[in-house]
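J.: Protein chains in written order, with the working numbering: chain A, 1 to 499; chain B, 1001 to 1321. A virtual CB, placed ideally from N, CA and C, is assigned to each residue, including glycine.
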Amino acid sequence: MGEIFSYLGAGFANLLNVTTLLLVLMGVCVGILGGAIPGISPSMAVALLLPMTYKMDPTQAIIMLMGIYIGANYGGSITAVSINTPGTPSAAVTAFDGYPMAKSGRAGEAMGISLWASTFGGLIGTLILIFFSIPLASVAIRFWPSEYFALCIMGLTTVATLGGKEWQKALSMVLFGLMLNTIGKDPMYSINRFIWGSTALYDGIPMVPILIGLFALGELFSNLEKYDPKEVKFEKVSYKLPKMSYYWKLKWSILRSGLLGCVIGVFPGAGGTIASFLAYDVEKRFSKEPEQFGHGAPAGVAAAEASNSGSVGGAMVPLLSLGIPGSSTAAVLIGALMIHNLTPGPELFTKNPELVYTLFASMFVAHVIMAAVGVLGSNLWVRVTSIPKTILYPLIFVFSILGSYAVEKNIVHVVFCLIFGLIGWMLKKYKYPAAPVVLGVVLGKLMETNFSQIPVVGKGSWAGLYNRPLTIVLFLISIAAIAWPMIQERLQKRKANKA
Amino acid sequence: MKKLSLMLAVMLIVTLFAGSALADWTPTKPITIMNYVKAGGGMDIATRKFAELAAKYTDATIIVDNKTGAGGLTCADYILSQPADGYLVFATTVSYVDTVLSNEEDVSNYIWGFEWIDDIMADPYCVIVKKDSDWTLDALIADAQAEEQIWAGPAAGGSKHIAAIQFCNALGMEITWLPKDGGPDAMMAVLSDQAVASCGNPGDVEGRELRHLVIATKEKLATYPDVPNFAELGHPELDELSMWRGYAVKAGTPAEFIEWWQDLCQKVTEDPEWIEFFNSKSIVVHNKTSEEFLAELKGDMAAHLEVLKGADLVSADYTIE
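Below, the structure is given as structure tokens:
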């Protein structure tokens, strides 16, 4: 343990020069900006700046890219809160409560929560990465397809939380999301499904156009339908970020979600979006006012942001312990290490401890810088909500089109975005929740792939579903998640009857 | 006679001018190399290193860009929709060719719509197992002959799956392919004992608790001198298989550009920094131009299609003639 602290001290010392600190600052700022732009995911933001680092010193290159990764995870929440347009897939969950808060004039409060939950969630992830990466990596290595499948089932149980009393609508929407995943190549035999000869559908429908369409354009079309040019009404918006004492009441939400995000982030393929859904579900279950969720619950925003930022530290666990990236952004970081002739994995600790611990130190510094930039910036970008609708609506439309095009520079994705915009509008009109569609899309591929691989790794047997302890534990959690609210309701009814 | 002399003189002058035009041709605007892989991917790293070193030999501006999607078909569609003027170069690999074949795409468009001008490197295939396992290649073969054996790798019908089938066919073994979401995931499957082995590239073991059983190279890699090649194990034909990477341009691109580009490739691939950079990553550097590259491409296409048909991954009536 003492060795870790001394290395970490040396790591902080390495950061104490203007160039390095400026690079962290630049990384965080670029990350926030990239994350806030719909269509630029954290992995894209890191990949975009990767070529810039080819000529840099390896340590400086990696810490700048890490700054982008950290900043982008927070940046995604800015547009999610202000205009219901998640900048990153994981920020979709932030929009569930962040946007209703902004709409009801609490934009500053929502921005503040997303900033501080991201900061502390990320710091929790960093601490776990430094002190618990080895035991966590040993759990990650025990995850077989049956465990991933059980994790997906656990993720699906959150649909009950998302749907509330109208669970039938939520269920139909999650099925729609799962079915969308059947478009494109099947994960086992690479057979093309429902692609109608179009190469644009080979990889299925990408997540970003679906997200932007359902949330941003869906909301935009719905607003346009109700738009009255004569009505010039400005909602009273509170721009001020709450005082620090305000966040104290969210401490347990942030802690739980940060931990959960980090743990989920450890499993390659799971990632921040699934972590956000699970953390949101957990917080709603813990909440004394679960009915507030989806209508502007501060704990909902805190859960989403703390967990997706916590997942950054988690995704670095398998990268540093096993040489396996825990997320698509971590995969780009592996590319960056290899360009500099550095080998990702446990060898980094022995051959380049200076780089590893400077990276750890930079993660702390990046979060502090992110908080500072966020505090200064929030006052500015919260004002997006006060832009006149005649300017804001065309801007949202343009950003949506550009964002969906940016993913693969493919015009077909713009068409997908518009189609999902219309679907999002219809869902709003007929009061169907859009969030479960995202859940279905996020879980669909992971679930199908792992389900179909259970008999492969079992050499023809499905026994993995019931004879692997970790799988059983995850299934039991899922059963408890479904059963507990029913039991609770019955107990309450019994109490009421007795009274 | 006078007329003939005049004609000969004119022809000579035209030829000389044409010759000097070919030799003196220089780009008048930036050249874009378009990758179909994401930034940070194998070909992306190669292309960016190429652009960096090319600056030593030309004043031309070379831009590296990425257009991902559909295993390279999206990028190919884009390049094929642009003018054939040489200012857009396709950074391609054998994996792209396998995507075309496994999806039963029209080769007259996706393959012969391009001129294949330079193959600049080969990332050898290899068989990878867990470092602390007792596997030898003989034991692996015997095990696969006795019971079902699982190998992990990227998508079914992809280059590494095809290479694995080629290895197994030659070694008289049968395996079950466990398709994972890319190379690192496949390595995770080996580390976590979901699969016994993987067909990958030598660099895949770097930093991981993995080791090679055999590497398919004619000359043994300096980075792994103790790992045998297939020739040592009695199957020299398997050392011919490789995951090549190179450049193509849209068919109809002016010959002067192609000659200029091939000259640039020659200089870059002979650069000591280039050789050192890729050799340290266990990648074999070479420079195969038009005819040699074309013969390799045609050979790979025929062999890979046979494998894909044999594994029922493409329909029997799909042809590339």
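1. Please state whether the Cβ-Cβ distance between A:Ala-117 and A:Ala-304 is less than 9 Å.
2. To the nearest angstrom, how far is it from the Cα of B:Glu-1052 to the Cα of A:Leu-333?
3. Are the CB atoms of A:Ala-297 and A:Ser-90 nearer to each other than 9 Å?
4. Using 8 Å for Cβ pairs, my map puts A:Pro-209 next to A:Phe-349. What's the rounded Cβ distance?
5. Can B:Pro-1202 and B:Leu-1221 be called in contact, C-beta distance under 9 Å?
6. Alpha carbon to alpha carbon, what distance is there between A:Thr-273 and B:Leu-1210?
7. Return the residues of the region 138-160 of chain A that lie within a Cβ-Cβ distance of less than 9 Å from chain B, sorted by chain order.
8. Closest to A:Asn-341 by C-alpha separation, out of A:Trp-196, A:Thr-59, A:Leu-427, A:Val-81, would be which residue?
9. Going by C-alpha distance, which of B:Glu-1273, B:Val-1129, B:Ser-1159 is nearest B:Leu-1191?
10. Leaving out five residues before and five after A:Glu-219 in sequence, what residues of the same chain have Cβ atoms less than 6 Å from its Cβ?
11. Cβ-heavy atom distance between B:Thr-1253 and the ligand ZN below 8 Å?
12. Under 9 Å between C-beta atoms, does B:Leu-1313 make it to chain A?
13. May I ask you to list, following chain order, the residues of the region 194-216 of chain A that have a beta carbon less than 8 Å from some beta carbon of chain B?
14. Whose C-alpha, out of B:Val-1227, B:Gly-1113, B:Cys-1075, B:Val-1094, is nearest the C-alpha of B:Gly-1158?
15. For B:Ile-1150, go through chain A and note every residue whose CB falls closer than 9 Å to its CB, in chain order.
16. Return helix, strand or coil for A:Tyr-246, following the three-state DSSP convention.
17. By alpha-carbon positions, which one of B:Val-1064, B:Val-1205, B:Val-1127, B:Val-1284 ends up nearest to B:Ile-1120?
18. Check whether the Cβ atoms of A:Leu-115 and A:Val-375 lie closer than 9 Å to each other.
19. Taking one C-beta from the region 1278-1296 of chain B and one from the region 1076-1086 of chain B each time, how about it: are there three or more such pairs within less than 8 Å?
20. Do we get a CB-CB distance below 9 Å when we pair B:Ser-1133 with the residues of chain A?
21. Using a Cβ cut-off of 8 Å, pull out every chain A residue sitting near B:Val-1064, in sequence order please.
22. Between the alpha carbons of A:Lys-493 and A:Ala-481, how many angstroms are there, rounded?
23. When the Cα atoms are used, what is the spatial distance from B:Gln-1149 to B:Ala-1302?
24. Confirm, please, whether the CB-CB distance from A:Gly-125 to A:Lys-113 is below 9 Å.
25. In angstroms with no decimal places, state the Cα-to-Cα distance between A:Trp-167 and A:Cys-152.
26. Would you tell me roughly how many angstroms separate the C-alpha atoms of B:Leu-1022 and A:Thr-358, rounded to the nearest one?
27. Per DSSP, what kind of secondary structure is A:Arg-468 in: helix, strand or coil?
28. Determine, using beta carbons only, whether B:Ala-1021 comes closer than 9 Å to chain A.
29. Looking at B:Gly-1207: is its Cβ nearer than 9 Å to the Cβ of B:Tyr-1125?
30. Considering only residues of the same chain and omitting the five flanking positions on each side of B:Thr-1074, which have a CB-CB separation below 8 Å?
31. CA-CA distance, A:Phe-143 and A:Gly-39?
32. In its own chain, which residues sit with a C-beta less than 6 Å from the C-beta of B:Phe-1293, not counting the 5 before and 5 after it?
33. At the 9 Å Cβ level, is A:Asn-223 part of the contact set with chain B, yes or no?
34. Spell out a yes or no on whether the region 64-76 of chain A and the region 252-263 of chain A are touching, meaning 3 or more CB-CB pairs, one atom from each, closer than 8 Å.
35. Quick one: which chain C residues come within Cβ less than 9 Å of A:Ser-404?
36. By Cβ distance, which residues of its chain are closer than 8 Å to A:Ala-502, with the 5 residues on each side in sequence left out?
T.: Result, derived from the coordinates:
1. yes
2. 20 Å
3. no
4. Contact flag wrong, Cβ pair sits at about 40 Å.
5. yes
6. 31 Å
7. Ala-140, Ile-141, Arg-142, Phe-143, Trp-144, Pro-145
8. A:Thr-59
9. B:Val-1129
10. Asn-84
11. This structure lacks the ligand ZN, and indeed carries no ligand of any kind.
12. yes
13. Thr-199, Ala-200, Tyr-202, Asp-203
14. B:Val-1094
15. Val-456, Val-457, Lys-459
16. helix
17. B:Val-1284
18. yes
19. no
20. no
21. Pro-51
22. 19 Å
23. 27 Å
24. In the sequence as displayed, the identity of residue 113 of chain A is Ile instead of Lys. No; because the gap between Cβ atoms is not below 9 Å, this pair is not in contact.
25. 18 Å
26. Interpretation of B:Leu-1022 is limited by its pLDDT of 48, a score under 50 that renders its predicted location unreliable; the figure taken from the coordinates is listed afterwards. Looking at the two C-alpha atoms, the distance is approximately 52 Å.
27. coil
28. Because the pLDDT of B:Ala-1021 is 48, which lies under 50, any placement of that residue in the model is unreliable, and the question is left without a value.
29. no
30. Tyr-1036, Lys-1067, Thr-1068
31. 31 Å
32. Trp-1116, Asp-1119
33. no
34. no
35. No chain C appears in the structure shown, which is made up of the protein chains A and B.
36. This structure gives no information on residue 502 of chain A, because the portion of chain A shown stretches from 1 to 499.
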